[in-house]
Each structure stands twice: as C-alpha cells, then as structure tokens.
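Counting in the numbering used here, the sequence shown runs from 1 upward without gaps. Even for Gly, the Cβ is constructed at its ideal location relative to N, Cα and C.
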Amino acid sequence: MHSKMYQLFEERRSIHVLYPYVGLKNYINTVVDFVINGIMDEENVILIENERNYRMIHRELSSRLTAGQLKFIHRVNNFDFYFKNGSYQPPAILDYFNRMVQPYLDKNLSFRTWAHVEWPSVGDPLHLIEDIERTADEKVKSLSFPLICAYEAEQMPKQLQTILYETHPYILLEEGFITSEQYKPLVDVE
1 MHSKMYQLFE
11 ERRSIHVLYP
21 YVGLKNYINT
31 VVDFVINGIM
41 DEENVILIEN
51 ERNYRMIHRE
61 LSSRLTAGQL
71 KFIHRVNNFD
81 FYFKNGSYQP
91 PAILDYFNRM
101 VQPYLDKNLS
111 FRTWAHVEWP
121 SVGDPLHLIE
131 DIERTADEKV
141 KSLSFPLICA
151 YEAEQMPKQL
161 QTILYETHPY
171 ILLEEGFITS
181 EQYKPLVDVE
C-alpha cells in the first residue's frame, strides 16, 4: 500500500489524498511512514496534528531519525489551524496555510503536508468542508506539493464521505491506494 503511494509521489508532486483511517495504531504507522519518506526525499514535512497523537508520532520518529532529520518536521496544532478564529472558517484556514508555506516557497524548498482533520460535531455545515477541500485541491495543483487529509473513518457520515471522495483524486485505504472514481475537479468558467 505505502510503496504505491510513495511511487506516485515520485511520479507527480501535485497529489491530494484522502486517508479515511481506521484505528489509531494504523494511523500513527502511516503518519510515521509519510514523514520518514518525506525526510528521506529531503523534503520539509508540515504535520498538522493534535497534541496527543503528535507525542506518539514524535516518540516513534525520535527512535528512527537523527536530531538533524527531526528538524525537517514542522508541527502545527490542528485545532489552531482549523479553528483559529473560534469556528471553522475556510478563508481563515487558507490565510493560515498561505502564511505557513510562504517561507518554503520563498526559499524554493520542497515540502509535503499531512493534515489531521477532526470535527467536534457532525452538525457542522458540510459545505464548509467541501469549500476548504476544493481550495486545498487547487493549492496542491498550483503549488505542486503532496497533501494527505486524514479523517477518522468511523466519524465520517455518508454525506461527508461523498464530499471527501468528490474532492480528493486519490484515496489511501488500509487495503491499498486507489484513485477516486467520484472525484470532481473544479472546472474553470471563462
């Protein structure tokens, strides 16, 4: 599974992947593989993650990477990233993201991003999720970087799953890596 994903990362830079994970152990292992692969490819890794998971990820990475390699990991608290202004607002998230990646762009440094998306309630307006995922898809294309968006599978109602499958061209499942047949890219209207 992972070798196919990394092969795709080597073939193309603009990769937007949905990872509907099942189980914390699988999740942590997949994040660790993603980070190590990025560092081995001499990329900076932006890890948008919660504190609890980050401690487990960092513990595993610290046992497998040197102190110098660990400096390529740049952690952002996912709650701060998604709810900086007290609620989920796509323009604020986009602004935060743009400021976060600008130093890499200014220095022409390669980077990859992992975003763990957590929702406090299923009652949040799903159109906001669609807006930000479509914007993320466009950013991945325009800035040419890989992005994995991780959502806990058990917390994804059917309507959210449909939105995510329509906004991500690739899906990483526990059984393997697939192309989303439901993906609907934005079409420019001129």
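Could you give the C-beta distance for residue i and residue j, rounded to a whole number, given that I count them as a contact under 8 Å?
| i | j | result |
| --- | --- | --- |
| L128 | P90 | 6 Å |
| E60 | I28 | 7 Å |
| E208 | V22 | The requested residue 208 is not part of the displayed model; the chain covers only 1 to 190. |
| L47 | I73 | 6 Å |
| N26 | E51 | No, N26 and E51 are not in contact; Cβ-Cβ is about 20 Å, not under 8 Å. |
Got a sec: does the ligand SAH put a non-hydrogen atom nearer than 6 Å to the Cβ of residue i?
| i | result |
| --- | --- |
| E60 | The ligand SAH is absent from the structure shown, which contains no ligand whatsoever. |
Tell me residue i's beta-bridge partners as DSSP assigns them.
| i | result |
| --- | --- |
| V140 | DSSP lists no partner for V140. |
| E49 | N77 |
By the 10 Å Cβ neighbour count, where 16 or more other Cβ atoms means buried, how is residue i classified, buried or exposed?
| i | result |
| --- | --- |
| R112 | buried |
| I93 | buried |
| E43 | buried |
| G38 | buried |
| P20 | buried |
| L186 | exposed |
Just reading off the alpha helix (DSSP H) that residue i is part of, what are its end residues?
| i | result |
| --- | --- |
| L186 | That residue, L186, is in no alpha helix (DSSP H); it is neither H nor E in DSSP. |
| R99 | 90-106 |
| L70 | 67-70 |
| V31 | 24-40 |
Go to residue i, then tell me how far its beta strand (DSSP E) extends in each direction, as first and last residue.
| i | result |
| --- | --- |
| P146 | 146-152 |
| G176 | 176-179 |
| L173 | 170-173 |
| L18 | 15-21 |
| R112 | 111-116 |
Give a yes or no on contact between the stretch 100-117 and the stretch 25-42, applying the rule of three or more CB pairs nearer than 8 Å.
-> yes
Would you check if there are 3 or more beta carbon pairs closer than 8 Å linking the stretch 97-108 to the stretch 62-71?
-> no
Within the chosen definition, does the stretch 131-142 reach the stretch 157-168 through at least 3 CB pairs nearer than 8 Å?
-> yes
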